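Written out below as structure tokens is the structure these notes cover.
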Amino acid sequence: MNGASPLFLGLDASTQALKASLLDADLNVLSELEVRFDRDLPHYNTSGGVSAPTSGDDQGTVVAPVMMYVESIDLLAERMRSASWPVSRIRAVSAAGQQHASVYFSRAAPRIFTTLSSQKSLTEQVEQAFSRKVVPNWQDSSTVEACKAYEKAVGGADELAKVTGSKAHTRFTGPQIYKFRTQQPEAYKDTERIGLVSSFITTMLCVGEGEDERTAIKGIDESDACGMNLLDMRPSSSNPNAEARGKLEPGWNQTLLALTSGESEGADSSLGGASELERKLGVIYRDAGAPVGKIGSWWTQKYGFSPDCQVFPGTGDNPATFLAFSLAERQAIISLGTSDTVMVPTHQYVPDPDFHAFFHPAKLPSSGDAFFNMLVYKSGSLAREWIRDQYCSSNWDTFNADVDKHKLERGKEQRTGFYWLRPEIIPSGASGIHRYTKQAAEGEWQKVQDFSEPGMNASSILETQMLNYRYRSSSIVAGPAASSSSTVDTSKLPLEAIYAVGGASSNPTITQTMADVFGCDIVKPVQPAEDGKGWTPANYNFCSVGAAYKAVWGWSRLQLTASEKVPEFDEFVHATKSKQAKRAGLAGAADEVEGGVQVICRPEEGRTQVYTDVIGEWKQLEERAQKEQ
Ligand code: ADP
Ligand code: XUL
Numbered sequence: 001m002n003g004a005s006p007l008f009l010g011l012d013a014s015t016q017a018l019k020a021s022l023l024d025a026d027l028n029v030l031s032e033l034e035v036r037f038d039r040d041l042p043h044y045n046t047s048g049g050v051s052a053p054t055s056g057d058d059q060g061t062v063v064a065p066v067m068m069y070v071e072s073i074d075l076l077a078e079r080m081r082s083a084s085w086p087v088s089r090i091r092a093v094s095a096a097g098q099q100h101a102s103v104y105f106s107r108a109a110p111r112i113f114t115t116l117s118s119q120k121s122l123t124e125q126v127e128q129a130f131s132r133k134v135v136p137n138w139q140d141s142s143t144v145e146a147c148k149a150y151e152k153a154v155g156g157a158d159e160l161a162k163v164t165g166s167k168a169h170t171r172f173t174g175p176q177i178y179k180f181r182t183q184q185p186e187a188y189k190d191t192e193r194i195g196l197v198s199s200f201i202t203t204m205l206c207v208g209e210g211e212d213e214r215t216a217i218k219g220i221d222e223s224d225a226c227g228m229n230l231l232d233m234r235p236s237s238s239n240p241n242a243e244a245r246g247k248l249e250p251g252w253n254q255t256l257l258a259l260t261s262g263e264s265e266g267a268d269s270s271l272g273g274a275s276e277l278e279r280k281l282g283v284i285y286r287d288a289g290a291p292v293g294k295i296g297s298w299w300t301q302k303y304g305f306s307p308d309c310q311v312f313p314g315t316g317d318n319p320a321t322f323l324a325f326s327l328a329e330r331q332a333i334i335s336l337g338t339s340d341t342v343m344v345p346t347h348q349y350v351p352d353p354d355f356h357a358f359f360h361p362a363k364l365p366s367s368g369d370a371f372f373n374m375l376v377y378k379s380g381s382l383a384r385e386w387i388r389d390q391y392c393s394s395n396w397d398t399f400n401a402d403v404d405k406h407k408l409e410r411g412k413e414q415r416t417g418f419y420w421l422r423p424e425i426i427p428s429g430a431s432g433i434h435r436y437t438k439q440a441a442e443g444e445w446q447k448v449q450d451f452s453e454p455g456m457n458a459s460s461i462l463e464t465q466m467l468n469y470r471y472r473s474s475s476i477v478a479g480p481a482a483s484s485s486s487t488v489d490t491s492k493l494p495l496e497a498i499y500a501v502g503g504a505s506s507n508p509t510i511t512q513t514m515a516d517v518f519g520c521d522i523v524k525p526v527q528p529a530e531d532g533k534g535w536t537p538a539n540y541n542f543c544s545v546g547a548a549y550k551a552v553w554g555w556s557r558l559q560l561t562a563s564e565k566v567p568e569f570d571e572f573v574h575a576t577k578s579k580q581a582k583r584a585g586l587a588g589a590a591d592e593v594e595g596g597v598q599v600i601c602r603p604e605e606g607r608t609q610v611y612t613d614v615i616g617e618w619k620q621l622e623e624r625a626q627k628e629q
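Quick note on full-length UniProt numbering: the sequence shown kicks off at 1 and runs consecutively.
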């Protein structure tokens, strides 16, 4: 960290921790810090970042104290000071937040946020700024009734997915607000504004004595708003309510606002109906690279941030992670964590009740449509671990050897297994363990109790998972018609490169199987090693780094002259990383695809066709297994 060159900050307010990444203008990650809620703020008595259930809670309630999140901001600022982060050089900041979770600001909030003393902490001053003391967590499932009402209001799950990009989900913000309004109407009435965690952190970055009350509470980022079941994502051609401003006309859906606010259910008119809820939700930021303000005087006076530090809209943790990879077309991220998550960019709106569709979190309003679809699978690492423990001596090396020994081969016995240990998300509600074998190419698939050798379960689960991700990626890449009619052309390979991340991506057999099934390279982000000799794996927190990339992009845009072309986010990140590679003398290295990306696995000759040949039958077996559950 030499000289006085500009620095950039990305924050990640996730389930268990508040994390920060400090970057330079070349997108190098210089340092990271975090505050872990359970460990560092033990007086809130959380476990995994959430409160223990109380006797009065509805079934499925999962919440966290809003003041814990506030105190984590105080503590993070103190940690930046203790670590001597040169915060006066930070030119821009952007945050990411746990998706779906909502924060409720009281009528007093705007005044409180603009009259803060820099002598005191936020914790000491902002308690009265919230009309609800808890933040419903994304793991909350207490809103089943609200979800039913949501789907009914628009004509079913498929319709709701078409309108809002997802079917009704208990964790989504709209059903959560519905529950709050029905159960605590007085507190709802006393609510000045409703934000997401991302907009809450963004708001807190702008607080301080002398700030403007009218703009003190920040709006909601368009991409994060897609996780609310409230935003109408339909293209204007199929959206009767859309004004003619462009091809895509997202805005809050009036039918769903009327339902959530109680207007269409005959709720007390003093609650204000749909228009009051719309006011509470505030503006939607369509350009995430346009600043929402500068860092507040509380930050400049108390911690020495520069008054020139720009604040860019916060977004959801998944959209921010998506940004950390700045995917080109036909690239995807597959995260092999506790659960497996697949994120695929697309230029078409591809709603499907099984997936989530989000607007691209950093697109220029003037550019074409851009989205990403997210698939979430419960049976990720937990199911692989279960196979490892049951059949592979609790050892990943044995699991890997079993995968190699029993992988699908032409002309040999074929095996497929579905291991839905807990009700699955994709396919929705699938459960149980189902195994099938076929002896010859023209034979029939038979359901079997067990395979002839225990180790066969290892290849079976891994191949099924990867075929599943390939099939669904194909349907996203093919566009809405293919997705809705299930007529995916499985002979084509959907992707050209996959970023593999998460714990299980360190396993070379798992990434090799991924490469073979998808028929494409598996890549990892890298950054120049500190000793200048080659690349080092980028083991940083992708979510806060993605948020920081957005801040660098937004800030760079402000430095352009009027005649200079504003670059797209992805273009900007690629160009900056290539510059970074050149500067480090590493451009063109044999294993480098482009600056900052390294190939870790390539498909083995001939293997992909083996999977292409079976994927259609595999899909039929998946449907059969659901019927036989
Ligand atoms: P999360 O962020 O969801 O908590 P991680 O991304 O840290 O999870 O991934 C944790 C998972 O990684 C564990 O559940 C474990 O099964 C898996 N994992 C770690 N090492 C390996 C390995 N060598 N092979 C397969 N899976 C692994
Ligand atoms: C996504 C989801 C989680 C949270 C975690 O739909 O619910 O990934 O965003 O923070």
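Cβ coordinates follow ideal geometry from the N, Cα and C atoms, glycine included. Everything numeric in this text was worked out from a predicted model, so none of it was measured.
Could you spell out where the beta strand (DSSP E) holding residue i opens and where it closes?
| i | result |
| --- | --- |
| residue 420 | 414-420 |
| residue 64 | 63-65 |
| residue 406 | No beta strand (DSSP E) contains residue 406, which is instead part of the alpha helix (DSSP H) from 396-406. |
| residue 376 | 371-377 |
| residue 310 | 310-316 |
| residue 341 | 340-346 |
| residue 171 | Segment: none, residue 171 is in no beta strand (DSSP E) and carries neither H nor E. |
| residue 356 | 356-359 |
| residue 195 | 191-196 |
| residue 104 | 102-106 |
| residue 644 | Any question about residue 644 goes unanswered here, given that the chain covers just 1 to 629. |
| residue 136 | 134-136 |
| residue 497 | 497-501 |
Could you tell me which residues DSSP pairs with residue i in its beta bridges?
| i | result |
| --- | --- |
| residue 226 | In DSSP, residue 226 forms no bridge with anything. |
| residue 525 | 597 |
| residue 10 | 21, 94 |
| residue 639 | Given a span of 1 to 629 for the chain in the structure shown, any question on residue 639 remains unanswerable. |
| residue 265 | In the DSSP output, where bridge partners are listed per residue, residue 265 has none listed. |
| residue 447 | 436 |
| residue 536 | 527 |
| residue 293 | 311 |
Comparing C-alpha positions only, which one of the options sits nearest to residue i?
| i | options | result |
| --- | --- | --- |
| residue 158 | 551, 273, 352 | 352 |
| residue 130 | 46, 543, 189 | 189 |
| residue 624 | 91, 447, 489 | 447 |
| residue 497 | 506, 488, 518, 508 | 518 |
| residue 127 | 110, 136, 137, 138 | 110 |
| residue 192 | 108, 233, 115 | 108 |
| residue 317 | 571, 544, 398, 533 | 544 |
| residue 453 | 469, 426, 468, 402 | 402 |
| residue 201 | 378, 68, 571 | 68 |
| residue 19 | 75, 47, 42 | 75 |
| residue 226 | 167, 88, 502, 533 | 167 |
| residue 442 | 412, 469, 22 | 412 |
| residue 466 | 480, 509, 253, 449 | 509 |
Can the beta-carbon of residue i be found less than 8 Å from the beta-carbon of residue j?
| i | j | result |
| --- | --- | --- |
| residue 471 | residue 333 | no |
| residue 174 | residue 260 | yes |
| residue 659 | residue 383 | Only positions 1 to 629 of the chain appear in the structure, and residue 659 is not among them; the question remains open. |
| residue 600 | residue 524 | yes |
| residue 138 | residue 101 | yes |
| residue 336 | residue 386 | no |
| residue 224 | residue 99 | yes |
| residue 65 | residue 133 | yes |
| residue 549 | residue 11 | no |
| residue 257 | residue 230 | yes |
| residue 618 | residue 416 | yes |
| residue 596 | residue 609 | no |
| residue 541 | residue 32 | yes |
Which residue comes first and which comes last in the alpha helix (DSSP H) that contains residue i?
| i | result |
| --- | --- |
| residue 464 | 456-478 |
| residue 512 | 508-518 |
| residue 336 | Not the alpha helix (DSSP H): residue 336 falls in the beta strand (DSSP E), residues 331-336. |
| residue 615 | 607-627 |
At least 3 beta-carbon pairs within less than 8 Å: the stretch 141-154 vs the stretch 55-73: Judged by Cβ distances under 8 Å, the stretch 141-154 makes contact with the stretch 55-73, as three or more pairs qualify.
Cβ contact check for the stretch 343-358 and the stretch 315-328: 3 or more pairs under 8 Å: Judged by Cβ distances under 8 Å, the stretch 343-358 makes contact with the stretch 315-328, as three or more pairs qualify.
Inter-stretch contact (C-beta, 8 Å, three-pair minimum) for the stretch 268-280 and the stretch 290-310: Contact between the stretch 268-280 and the stretch 290-310 is absent, with fewer than three C-beta pairs closer than 8 Å.
The stretch 193-208 / the stretch 284-301 touching (three or more Cβ pairs under 8 Å): Contact between the stretch 193-208 and the stretch 284-301 is present, with at least three C-beta pairs closer than 8 Å.
Stretch pair the stretch 423-442 + the stretch 388-397: three plus CB contacts closer than 8 Å: Taking 8 Å as the limit for Cβ pairs, the verdict is that the stretch 388-397 does not touch the stretch 423-442.
Segment contact flag, the stretch 279-290 with the stretch 210-219, C-beta cutoff 8 Å, min 3 pairs: The stretch 279-290 makes contact with the stretch 210-219, as at least three CB pairs between them are under 8 Å.
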